[in-house]
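Protein chains: 2
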Amino acid sequence: MSVKKIINDPKRVVDESVAGFGLAHADLVRVELDPIHVVRADAPIAGKVGIVSGGGSGHEPLHAGYVGFGMLDAAVPGAVFTSPTPDPILAATKAVDSGSGVLHIVKNYTGDVLNFETAADLAAADGIDVRSVIINDDVAVKDSLYTAGRRGVAGTVLVEKIAGAAAERGNSLDEVADVAERVNANARSMGLALTPCVVPHAGEPSFTLAEDEIEIGIGIHGEPGRERIGLEPADRLVDRLLAPILEDLPYERGERALLFVNGMGGTPQVELYVAYRRAAEVLEEHGIEITRSLVGNYITALEMQGMSITLLKLDDEMVELWDAPVQTAALRWGR
Amino acid sequence: MSVKKIINDPKRVVDESVAGFGLAHADLVRVELDPIHVVRADAPIAGKVGIVSGGGSGHEPLHAGYVGFGMLDAAVPGAVFTSPTPDPILAATKAVDSGSGVLHIVKNYTGDVLNFETAADLAAADGIDVRSVIINDDVAVKDSLYTAGRRGVAGTVLVEKIAGAAAERGNSLDEVADVAERVNANARSMGLALTPCVVPHAGEPSFTLAEDEIEIGIGIHGEPGRERIGLEPADRLVDRLLAPILEDLPYERGERALLFVNGMGGTPQVELYVAYRRAAEVLEEHGIEITRSLVGNYITALEMQGMSITLLKLDDEMVELWDAPVQTAALRWGR
């Protein structure tokens, strides 16, 4: 053992973790290890559009934590911070298709986009109707280390919840894809990191930050953001995240938003709520009505300390779908 | 700013965080800041026993995250890692008493026990029927830096859920206290830490661990445990936590348990599920039936990396109460 983590063989972390996830949540999911994917226990569900998401591991509870009633039908975990290959994506797609078609929710990283596309082509060749929605809610940078265009970050959680509810109530593939697109189009996110994280098989931090440095605009793999700054009070940090979000998608006074303060994995909740308080204050100054909120570690970068803020401009249908019952390992209410 | 955290004034962290919590969860709770306590939005509830818990902050979501339908009626947060004074405990007790009495759920730390006792005496003088249950599920050490007897750790979450359900269904104060005692008597926990944590107003780690050291039997404030060891694979670490738990409260083959793998705040979920997998394997070897499980960061020590394992020996009533609907910020299902 050379890396200080609760793991066995670094090469088997994802397999063992997904196996443990399957044991802990056997009421919600079943787990296949070859090729690896996590499927809702009662899939495929007759007459229901299937929803599949996936991506590199290390962002838990994304995506497996969102498999269940009212959200995803399957999740495909790649190696840590590495896109899954087309093979398990195809297997997951087949496992959840009931003949009503399958939506792929894909974060905008080059590898994810390519591999989901290949899997979608193969599924189509098998007669499965597939649509894909690419999530690109991160306003921090135009292009990044792993992306052409904007990265897909915390907005993904909101898309999965809302599209999941649309599928659960029996909407068609086109309708589910359309609402997913609309959520993505109305979501804006930006993050920051106080510390890096260590990928198990790498054994050392993916980047370094001095004791007095914060990275603004970080991605969920520690890829660089906009700038490095010195230490600042929480309120100032929140302002730095919210300003580009509100600049990119302005709000009229009285418009409604969902405010999502997300922890990067290693940040205590006590800090996330300090940030929430300031964000609520700023949005109130702008006349934005926060009608829904989410606070916690929902899309992470292993043990990275940091946070992101996501603002989703809500319409009536989104609110209704947000409030719909959901029953997954990481998000559940109202059933 | 000298400490790398998402905070403003270190002395105002708890106030600002609790204020943010109140804004984010206004549907579930109301927040009083002077003296500080978090109360279920619809308290006091006629005919229902009130349940109050509390303790030092820094263990979130414990306790405020568990205020709501089917769990706590109020939470009293002290300063970080510092017991709340009797004053807010008394205020919370009064706020939730409907005339049916109030249960105090108290983790066994000297300050908490004394201050809850004082508040209970003051409440009794005001004519409120109070019973107290002291949680002491930690098998690691007999006495510790802050405790005479065993410490109260992750078992507290299970007591709060199960006693909360008993109160919600209308049980009497004695019945609710009795089931809380029974859960405590049947819960055993032990934890470990890979890293220390930094208390905001202290600004430096409460202890140090070398790059190749793990502390076994750690408390939730970083107080010392049983021993320091070198790095080991996850499976071996799990075995080290489970052995004293099973030695302290042996199981007959076929007995049922709730397996709770808890993160200390900074440990990624991917690692917690690796640990869960091994724990399930060991319990299966012992013929113990895991009929319920909980995995995640439910009682933490700020950003500490580490975990604890709790095993609760279940009876039929506990299972029924565990499964009952709950609607709080941090734990919710089935309503």
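The listed protein sequences derive, respectively, from chains A and B.
When you line the first sequence up against the numbering used here, it's residues 904 to 1238, in that order.
When you line the second sequence up against the numbering used here, it's residues 904 to 1238, in that order.
Note that CB positions come from ideal geometry on N, CA and C, so glycine has one too.
As the structure is a prediction and not an experimental result, all values here were calculated from the model.
**Study point:** Beta carbon proximity, Ala1028 (chain B) to chain A, threshold 8 angstroms
**Key:** Walking along the second sequence from the start, residue 1028 (chain B) turns up at place 125. Under the Cβ criterion of 8 angstroms, Ala1028 (chain B) is not counted among the residues facing chain A.
Check your understanding: Going by Cα to Cα distance, which pick from B:Val934, B:Gly981, B:Ala1080 is closest to Val916 (chain B)?
Key -> Taking the first residue of the second sequence as 1, we reach residue 916 (chain B) at position 13. When each option's Cα is compared against that of Val916 (chain B), the closest is B:Gly981.
Practice item. Go to Val1060 (chain B), then tell me how far its alpha helix (DSSP H) extends in each direction, as first and last residue. Key: In the second sequence, counting from the first residue as 1, residue 1060 (chain B) sits at position 157. In the DSSP assignment, Val1060 (chain B) falls within the alpha helix (DSSP H) that extends over 1058–1071.
Point to revise | Option nearest Val941 (chain B) by Cα separation, candidates B:Ile992, B:Val1177, B:Asp1226, B:Ser1196 | key: By one-based count along the second sequence, residue 941 (chain B) stands at place 38. Looking at the Cα atoms, B:Ile992 is the closest of the given residues.
Exercise for review: Could you run through the stretch 1144–1176 of chain B and flag, in chain order, every residue whose CB is less than 7 angstroms away from some CB of chain A?
Suggested key: Gly1168, Gly1169, Thr1170, Pro1171, Gln1172, Val1173, Glu1174, Tyr1176
Check your understanding: How long is the line joining the alpha carbons of Ala1027 (chain B) and Ser1001 (chain B), rounded to whole angstroms?
Key -> Reading the second sequence from its first residue, position 124 is the one you call residue 1027 (chain B). Reading the second sequence from its first residue, position 98 is the one you call residue 1001 (chain B). Approximately 14 angstroms between the Cα atoms of the pair.
Review point. For a contact meaning CB atoms closer than 7 angstroms, what does Tyr1179 (chain B) contact in chain A?
Key: As a position in the second sequence, residue 1179 (chain B) is number 276, starting the count at 1. Correct list: Gly923, Leu926, Ala927.
Review point. With a cut-off of 8 angstroms, does the C-beta of Trp1236 (chain A) fall near any C-beta of chain B?
Key: Stepping through the first sequence from its first residue, residue 1236 (chain A) is reached at position 333. By this cut-off, Trp1236 (chain A) is an interface position.
**Study point:** Near-chain A residues of the stretch 946–967 of chain B - C-beta to any C-beta below 7 angstroms
**Key:** Using a CB distance below 7 angstroms, the part of the stretch 946–967 of chain B facing chain A consists of Ser960, Gly961, Glu963, Pro964, ordered along the chain.
**Study point:** Residue interval of the alpha helix (DSSP H) (run including Pro991 (chain A))
**Key:** Stepping through the first sequence from its first residue, residue 991 (chain A) is reached at position 88. Unbroken alpha helix (DSSP H) run through Pro991 (chain A): 989–999.
Practice item. Check the DSSP bridge columns for Lys1010 (chain B) and list the partner residues they point to. Key: As a first step, residue 1010 (chain B) is located in the second sequence; it is residue number 107 there, counting from the start. According to DSSP, Lys1010 (chain B) bridges with B:Ile1038.
Check your understanding: For Val1198 (chain B), which residues in chain A fall below 7 angstroms Cβ to Cβ?
Key -> The residue labelled residue 1198 (chain B) in the question sits at position 295 within the second sequence. Simply Ala927.
Point to revise | Ile939 (chain A), DSSP secondary structure in three states | key: In the first sequence, counting from the first residue as 1, residue 939 (chain A) sits at position 36. Three-state result, Ile939 (chain A): strand.
**Study point:** Cβ neighbours of Asp918 (chain A) in the same chain (closer than 8 angstroms, five flanking residues each side left out)
**Key:** For the purposes of this step, residue 918 (chain A) is taken as residue 15 along the first sequence, with counting starting at 1. Cβ within range, chain order: Leu936, Ile939.
Exercise for review: Using DSSP bridges, identify the partner residues of Lys1216 (chain B).
Suggested key: Residue mapping note: residue 1216 (chain B) aligns to position 313 of the second sequence, counting from 1. Answer by DSSP bridge pairing, in chain order: B:Ala1160.
Review point. Which ranges does the beta strand (DSSP E) cover as unbroken runs of at least 3 residues, wholly within the stretch 1133–1157 of chain A, from first to last along the chain?
Key: none
**Study point:** Beta carbon proximity, Met1210 (chain B) to chain A, threshold 8 angstroms
**Key:** For the purposes of this step, residue 1210 (chain B) is taken as residue 307 along the second sequence, with counting starting at 1. With respect to chain A, the C-beta atom of Met1210 (chain B) has a partner C-beta closer than 8 angstroms.
**Study point:** Proximity below 8 angstroms, CB of Val1227 (chain B) to CB of Tyr969 (chain B)
**Key:** Counted from its first residue, the second sequence places residue 1227 (chain B) at position 324. Counted from its first residue, the second sequence places residue 969 (chain B) at position 66. In the sequence as presented, Val is not what sits at residue 1227 (chain B); that position holds Ala. No, Cβ-Cβ distance for Ala1227 (chain B) and Tyr969 (chain B) is not below 8 angstroms.
Check your understanding: Can you tell which of A:Thr1013, A:Met1167, A:Val1009, A:Thr1111 has its C-alpha closest to the C-alpha of Glu1206 (chain A)?
Key -> By 1-based counting over the first sequence, the position of residue 1206 (chain A) is 303. Of the listed residues, the one whose Cα sits closest to Glu1206 (chain A) is A:Met1167.
Check your understanding: For Ala1022 (chain B), which residues of its own chain have a beta-carbon under 7 angstroms away from its beta-carbon, when the five flanking residues on both sides are left out?
Key -> Working through the second sequence from its first residue, we reach residue 1022 (chain B) at position 119. Here the set comprises Pro989, Ile992, Leu993, Thr996.
Point to revise | Among A:Ala1057, A:Met1221, A:Gln1208, the one whose alpha carbon lies nearest that of Phe1202 (chain A) | key: Translated into the one-based positions of the first sequence, residue 1202 (chain A) becomes position 299. First, the residue type needs correcting, since residue 1202 (chain A) is Ile and not Phe in the sequence shown. Ranking the options by Cα distance to Ile1202 (chain A), first place goes to A:Ala1057.
Review point. Helix, strand or coil for Gly1094 (chain A) per DSSP?
Key: By one-based count along the first sequence, residue 1094 (chain A) stands at place 191. Of the three classes helix, strand and coil, the one that applies to Gly1094 (chain A) here is strand, per DSSP.
Review point. DSSP beta-bridge partners for Ala977 (chain B)?
Key: Translated into positions along the second sequence, residue 977 (chain B) becomes position 74. The partner list for Ala977 (chain B) (beta bridge, DSSP) reads B:Val942, B:Val955.
Review point. Shortest alpha-carbon distance to Gly971 (chain A) belongs to which of A:Ser960, A:Val983, A:Ile954?
Key: On the first sequence, residue 971 (chain A) is found 68 positions in, with the first residue counted as 1. Nearest option by C-alpha distance: A:Ile954.
Exercise for review: Compute the Euclidean distance between the alpha carbons of Val1005 (chain B) and Tyr1049 (chain B), then round it to the nearest angstrom.
Suggested key: As a first step, residue 1005 (chain B) is located in the second sequence; it is residue number 102 there, counting from the start. As a first step, residue 1049 (chain B) is located in the second sequence; it is residue number 146 there, counting from the start. One alpha carbon belongs to Val1005 (chain B), the other to Tyr1049 (chain B), and they sit about 26 angstroms apart.
Review point. Can you name the residues of chain B whose CB is closer than 9 angstroms to the CB of Thr1111 (chain A)?
Key: Here residue 1111 (chain A) is taken as the residue at index 208 of the first sequence, counted from 1. The premise fails here: Thr1111 (chain A) is roughly 13 angstroms from chain B at the closest Cβ pair, so nothing lies under 9 angstroms.
Review point. So, is the C-beta of Pro1136 (chain A) closer than 8 angstroms to a C-beta in chain B?
Key: Here residue 1136 (chain A) corresponds to residue number 233 of the first sequence, with the count starting at 1. Closer than 8 angstroms: yes.
**Study point:** Under 8 angstroms from the C-beta of Ile939 (chain A): neighbouring residues of chain B
**Key:** Reading the first sequence from its first residue, position 36 is the one you call residue 939 (chain A). Per Cβ cutoff of 8 angstroms: no residues; Ile939 (chain A) is ~13 angstroms from chain B at best.
Review point. For Arg1180 (chain A), which of A:Gly1014, A:Met1210, A:Ser1109, A:Val1141 has the nearest alpha-carbon?
Key: Translated into the one-based positions of the first sequence, residue 1180 (chain A) becomes position 277. When each option's Cα is compared against that of Arg1180 (chain A), the closest is A:Val1141.
Review point. Should Leu1215 (chain B) be flagged as near chain A, meaning a C-beta pair shorter than 8 angstroms?
Key: Numbered from its first residue, the second sequence carries residue 1215 (chain B) at position 312. Put simply, the CB of Leu1215 (chain B) is far from chain A, with every gap to its CB atoms at 8 angstroms or more.
Exercise for review: Determine the DSSP secondary structure at Phe972 (chain B), reduced to helix, strand or coil.
Suggested key: Residue mapping note: residue 972 (chain B) aligns to position 69 of the second sequence, counting from 1. Reduced to three states, the DSSP call for Phe972 (chain B) is strand.
Review point. Over what stretch of residues does the alpha helix (DSSP H) that includes Leu1186 (chain A) continue unbroken?
Key: Reading the first sequence from its first residue, position 283 is the one you call residue 1186 (chain A). Where Leu1186 (chain A) is concerned, the enclosing alpha helix (DSSP H) stretches over 1172–1188.
Review point. Going by alpha carbons, who is nearest to Arg933 (chain B) out of B:Ala998, B:Gln1208, B:Arg1072?
Key: Taking the second sequence and counting its residues from 1, one reaches residue 933 (chain B) at position 30. Ranking the options by Cα distance to Arg933 (chain B), first place goes to B:Ala998.
Check your understanding: Hey, Leu1217 (chain B) and Arg1156 (chain B) are a contact pair by Cβ (cut 8 angstroms); roughly how many whole angstroms apart?
Key -> Here the question's residue 1217 (chain B) lines up with position 314 in the second sequence. Here the question's residue 1156 (chain B) lines up with position 253 in the second sequence. No, Leu1217 (chain B) and Arg1156 (chain B) are not in contact; Cβ-Cβ is about 15 angstroms, not under 8 angstroms.
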